[in-house]
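Since the structure comes first, as structure tokens, the remarks are kept for the end.
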Amino acid sequence: MRTTLPSLIFFVALWSATTVVNGDEYTVNVHSVVKEFCVECHNANVKKGELDLTQFKSDSDVSDHFRRWQNIVEFIRNGEMPPEDAGQPTIDQRNAVADSVERILVTEATKHAGDPGIVLPRRLSNSEYDTAIRDLTGIDIRPTRDFPDDPAGGEGFDNTGESLGMSPNLVTKYLAAAQLVADHLVLKPRGIFFAPFPVTSYNERKKLTEQTIIDFYESRNVDTMQYLEAAWRDRYKSTVNHTDSSLSPKYLALVAKTLDEASGQPGFLRELGERWDALPAPSSDSDRPVELRDFHQFIEFYHRLLTPTSLQLIKPGAGNWPISHLDYRERVAASRDKFDRSVLTHEAVFDVDRIKAPRADGATSYSVFLQFESALGSDDSYVIIKKSIASLANRLPNNDDDAANQQVESLRRILRQFNPSLEQALKFGVHPLGDEVDEDAFVVKTPAVVEIPVTAEMQQLLKDKYLVVQCQLDGRHSNNGAVLVRHATGVSNSSIESDRHSAEHSNNPGLPPFVIPSGQTTPRLLIDANSTTAEQLAQSADVFLNAFPNQFFFVDETRGLTAGFHLVEGFFRDDRPLVEKVLSEKENTELDRLWQELDFVTQRTETLLRGFVWFERSEREVLHDQRFSFLRSEDPQLVETGVLAKFEELYLDKMGVKRIGDTIDSESPDPKRDMIHGFFEQIRDGLTRQRESEQIAQENALVDLGRLAQRAFRRPLTGADQNRIRTLFDELRGDGQSIEASVRGVLIAVLMSPDFCYLWNGRHDGDDILPLDDHELASRLSFFLWSSLPDDQLLSAATEGRLIDEKELISQTRRMLGDERVESFAREFVGQWLRFRDYLDKDPINAAAFPEYTDELRQAIFDEPVRLVTHLIQTDGRVTDLISGDTTFVNDALAKHYGGDIESQYHIAAPRPEDGWKIVSGLHASGRGGLFGMAVVLAKNSAGERTSPVKRGFWTVHHLLGQHFPPPPADVPELPKSEMSAEKTIRELLASHVSETNCAMCHSHFDSFGLAMEGFDPIGRLRTVDGAGRPVDNIASFPGGETGVGIPGLIQYIEEHRRDDFVRTMCRKFLGYALGRSVLLSDQPLLDEMKDNLQKNDFRFSVLFETVVRSPQFRNRRNQR
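Adding 139 to a residue's 1-based position in the sequence shown gives its number in this note's numbering.
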């Protein structure tokens, strides 16, 4: 056990009896004993354990190397030095040396207690730089990923001035990092924003702004069933009210009003209303009766029926005139909730099936079905099947040559060969009412179903051909009729369930009865567009589509929000139904802003104009004559007002518009002129908005740059700072840089400034001790707790001069410890102290030997201790839980990896957080506990394909408990790389190695700790046999003779015998990390205070933080000349 300052105070009281009058303690009481018993092995030539005792001459030499002498005293008091085979000092000599050294150290520690020491200026560490950039930009860019690793210094951390210097190579890397951050900057009218990826190219900028709008649309997508259910439930508020609060009240009201009023409307709306009124009341707040689902299907059916089947909004080909296409898009967008009479047709062509080759087993017979039924309340009607053919093309032939090329065969001829009875039943060439029809045509009267069996023989003959059918409403006998036509393929009618909305049977003699399930295919409506039935339908459809538009917004699956030009970049906004019927005023404002940002960031109008000029010149060759020689897509002058005016006039002439004199007015009304002029007006308006937005964006960007620089510099900007920002911006603009490029240039300058990338305190004359000012203290606190910049709240406290007040300082500390950003402290401090921060990059495991050892699992293994420590800090848990805790955090991958009760707990019914991590307990019962049972500790301290009790034990005793050892000799024999190739167990091989006295001297201190962990394989899984199938022995005999089994036994031993060592080590590491320097001898009183406060306050984490933050070492600084 080690001796600390409180236990040494006794010696201070005895100084009157032991103080040396002449000379110093070392000369009088230590030197002679060291010379007699120690220097034979520890001199300048031999230097065992890297220790030369001949260099020490006085008390000051001892205090200058206090840590080494603390270790020497420990070895002397424990009787470990001198070794057994060397001459031994007497007990009195041992005590005299140890007491004298401890008095020397106590005297020095007391003399300079509280000295803040010299904290050298330093650059930000890689992790601090990355975290600071994340907090500055809101994006986790990690620009230092290609930097060299930071060296450790001080107490083993990479946040010390001794280790974090700057080199020419690093300056180059810092410049590249600043440029990378600047590449993420995007200028919007509201100012500076940062994208999750670089946005220096048009495609990147398009992706950023376009996807944001698409995400907005998708988050407001209208689920008709949800609104129908909500309206239905609202209708019965007196019984159950279960309206989804996420639904649009505006649209819900429209749906309810339309349905409630439908029964009083003509046409199919009456049926809609009757079905709505017939719905039963809700029986519970979760039921969704079949009647409601059927009602939804009814609406979807009419929605498909009344909507154009396809709108070619994306048109390839050089013949696509952009101006005409824009006009087309405008018309389509304006009619989303209007009935399009183009769907009214008395004739339609159906591609009903493509016939495949028969299967080898012959079990391939199936049928093609055509169903005809009256619709919209019309009487039974006649339909003429004008043409029915098998063809290599899925369309009718244009002429005889086309028919020959496509190997067209009539259905009549096919049936005559394979199914003569069906050919006779269909009565080709005969009209039931005596009208003349083509010899290959036949007529049906609704309701009717035609079944065409497709036998294996037919398949063999017709394989790869399409069955194409042309149907026409009989205009002479059924001009006011309306017929729904469906088609499907399947087996016989006995295998297909009837649908109650479909015809029950065919009334045509000779046709087999069959019912096609509704929804098998999209139906087509045959109706005379000029009939009274069509007029009634149009009136009803306008009301219906007002509530149920064909689309609320349009986003192409592959080309997003593109306008659909060929080889021309452009966007088109098609969302009127969503805007008018669904979105709130606030949502519409947000959506308008998103579109404005897309226009601005992509320079939408200018991009369209330049693309249009290129397209008309290169693809359509419209601008090839001499008159347009002044136009080039890349010409900066293209956007000028005069150039655009001249372009418009000449373009009107080129497109054949007869102008009145020099005006742009046409001699007579001309839709083409209106389209062209409208296009140029849109271009002019867009360019004007762009210029206005640029001025707004510039002013907002300069304000944002000031705020960003203030946050980066961690202090208010001076007038000189502000002038430098504006001057640099103006210089870059003067050099021809765009506004955004100039803003990026200023940002790079801010990030390259020592005020950002260096931590240093103000310079003062002398070497006295001064308090840190508020902003210096804010920076020290934030980089200590968050590894990052102070936030606005902390900066405000500093700027207002409140932070130097201890109450405010502790208040801010407690607030910051509750913030999620304290996760950085857990990762950086604990990860570096316990040597797992680099696990993902320097994992010693041979993953090929462990297929289950996936990247997902490795990430979870790394995250576990960080999450646990963060939790302990934020809940003010005990620091001793790091060694003895019975709880941890696991996600799905880690729970499966640990198995047993841990996995069972994870999968119990209690909900898991969104991130998938859940706290589990009972680790001791599962053989784990504290840090020892964590896979990151077990894997990081393994050796490729086998466990390493040496590494695991050394990690425990050295890093966790703070015990120091000399480096191992160079000729240590290697153990086998794999347990499978070893002839003995690792325990047996290790026992052979440490049988030598020189080896046992160190191994006796830590091997037993690693052997207690042998119940876990190299990647941290519980095991009972090793890799070769031999039983595992995890019984350990610890120093002092105590015995323990597994990790629970190890924990018990440390709790009972070594907890003080753990606490003392943690205090020293904690203080070194907090101050960013090596712990000094003068820090010993503070370390003892930290330890005492922990013991008095149940070892709570908050005690450590607050004791250090209150200390003079943390709040002061020593000047360095």
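Even for Gly, the Cβ is constructed at its ideal location relative to N, Cα and C.
Exposed unless 16 or more other CB atoms sit within 10 angstroms - verdict on residue i
{"i": "Ser921", "result": "buried"}
{"i": "Lys1057", "result": "buried"}
{"i": "Glu760", "result": "exposed"}
{"i": "Asn900", "result": "buried"}
{"i": "Thr993", "result": "exposed"}
{"i": "Leu572", "result": "exposed"}
{"i": "Lys1208", "result": "buried"}
{"i": "Ser358", "result": "exposed"}
{"i": "Val969", "result": "buried"}
{"i": "Arg662", "result": "First, the residue type needs correcting, since residue 662 is Pro and not Arg in the sequence shown. When all chains shown are included, Pro662 counts as buried."}
{"i": "Leu847", "result": "buried"}
{"i": "Asp426", "result": "exposed"}
{"i": "Thr741", "result": "buried"}
Whole-number beta carbon distance between residue j and residue i, since they are thought to touch under 8 Å
{"i": "Gln690", "j": "Arg475", "result": "6 Å"}
{"i": "Gly1166", "j": "Ser1117", "result": "6 Å"}
{"i": "Ile815", "j": "Val796", "result": "7 Å"}
{"i": "His1036", "j": "Leu973", "result": "At roughly 20 Å, the Cβ-Cβ gap does not stay under 8 Å, so His1036 and Leu973 are not in contact."}
{"i": "Val320", "j": "Pro287", "result": "Between Pro287 and Val320 the Cβ distance is about 19 Å, and since that is not below 8 Å, they are no contact."}
{"i": "Asn839", "j": "Arg329", "result": "6 Å"}
{"i": "Glu189", "j": "Pro1108", "result": "The Cβ separation is near 12 Å, so there is no contact."}
Test item: CB-CB of residue i and residue j under 8 Å
{"i": "Leu550", "j": "Ser527", "result": "yes"}
{"i": "Thr1009", "j": "Ala965", "result": "yes"}
{"i": "Glu368", "j": "Leu431", "result": "yes"}
{"i": "Val752", "j": "Leu762", "result": "yes"}
{"i": "Ala334", "j": "Val325", "result": "yes"}
{"i": "Ala1175", "j": "Ser1217", "result": "no"}
{"i": "Leu924", "j": "Met955", "result": "yes"}
Rounded C-alpha distance that separates residue i from residue j
{"i": "Lys376", "j": "Leu391", "result": "14 Å"}
{"i": "Ser146", "j": "Gln1102", "result": "Any reading at Ser146 must be qualified, since the residue scores a pLDDT of 39, below 50, and its modelled position is unreliable; the value itself is stated next. Between Ser146 and Gln1102, the C-alpha separation is close to 19 Å."}
{"i": "Val588", "j": "Asp490", "result": "17 Å"}
{"i": "Leu385", "j": "Ile272", "result": "At residue 385 the sequence reads Ser, which differs from the Leu that was named. Taking the straight line from one Cα to the other gives about 35 Å."}
{"i": "Gln609", "j": "Glu787", "result": "47 Å"}
{"i": "Gln1191", "j": "Phe1145", "result": "16 Å"}
{"i": "Gly800", "j": "Gln765", "result": "21 Å"}
{"i": "Tyr679", "j": "Asn669", "result": "It is worth fixing the name first, because residue 679 is Ser in this sequence and not Tyr. Looking at the two C-alpha atoms, the distance is approximately 16 Å."}
{"i": "Pro1224", "j": "Ile1186", "result": "34 Å"}
{"i": "Leu1099", "j": "Leu1210", "result": "15 Å"}
{"i": "Arg1203", "j": "Glu947", "result": "29 Å"}
{"i": "Ser1023", "j": "Leu1011", "result": "13 Å"}
{"i": "Gly516", "j": "Ile666", "result": "12 Å"}
{"i": "Ser234", "j": "Gln227", "result": "Inspection of the sequence shows that residue 234 is occupied by Asn rather than by Ser. When rounded, the distance between both Cα atoms is 13 Å."}
{"i": "Ala315", "j": "Thr339", "result": "15 Å"}
{"i": "Thr363", "j": "His435", "result": "8 Å"}
{"i": "Gly620", "j": "Gly568", "result": "22 Å"}
{"i": "Thr952", "j": "Lys1235", "result": "21 Å"}
{"i": "Asp539", "j": "Glu439", "result": "41 Å"}
{"i": "Arg798", "j": "Arg470", "result": "26 Å"}
Nonlocal neighbours in the same chain, by C-beta distance under 6 Å from residue i, ignoring five residues either side
{"i": "Thr270", "result": "Ser926, Ser927 and Ser963"}
{"i": "Trp198", "result": "Note on residue identity: the sequence assigns Asp, not Trp, to residue 198. If we look at Asp198 and ignore the five residues flanking it on each side, its Cβ neighbours are Asp163, Glu164, Tyr165 and Ile243."}
{"i": "Arg555", "result": "Glu562"}
{"i": "Asp279", "result": "Arg273"}
Close beta carbons around residue i, own chain, < 8 Å, minus the five adjacent residues each side
{"i": "Ala370", "result": "Leu391, Val394, Ala395 and Leu398"}
{"i": "Ile822", "result": "Thr744, Leu747, Leu748 and Leu783"}
Residues of its chain near residue i, where Cβ-Cβ distance is below 7 Å and the 5 sequence neighbours each way are ignored
{"i": "Ser155", "result": "For Ser155, the pLDDT reaches just 32, beneath the cut-off of 50, and the residue's location in the model is therefore unreliable, leaving the point undetermined."}
{"i": "Gly1055", "result": "Asn1030 and Asp1031"}
{"i": "Pro255", "result": "Ile908, Pro1251, Gln1252, Asn1255, Arg1256 and Arg1257"}
{"i": "Thr1026", "result": "Ile1058, Val1059, Ser1060 and Leu1062"}
{"i": "Arg1006", "result": "Phe1028 and Trp1056"}
{"i": "Phe693", "result": "Leu452 and Asp713"}
Neighbour flag for residue i against chain C, beta carbons, 8 Å
{"i": "His626", "result": "Here chain C cannot be found, since the structure has a single protein chain."}
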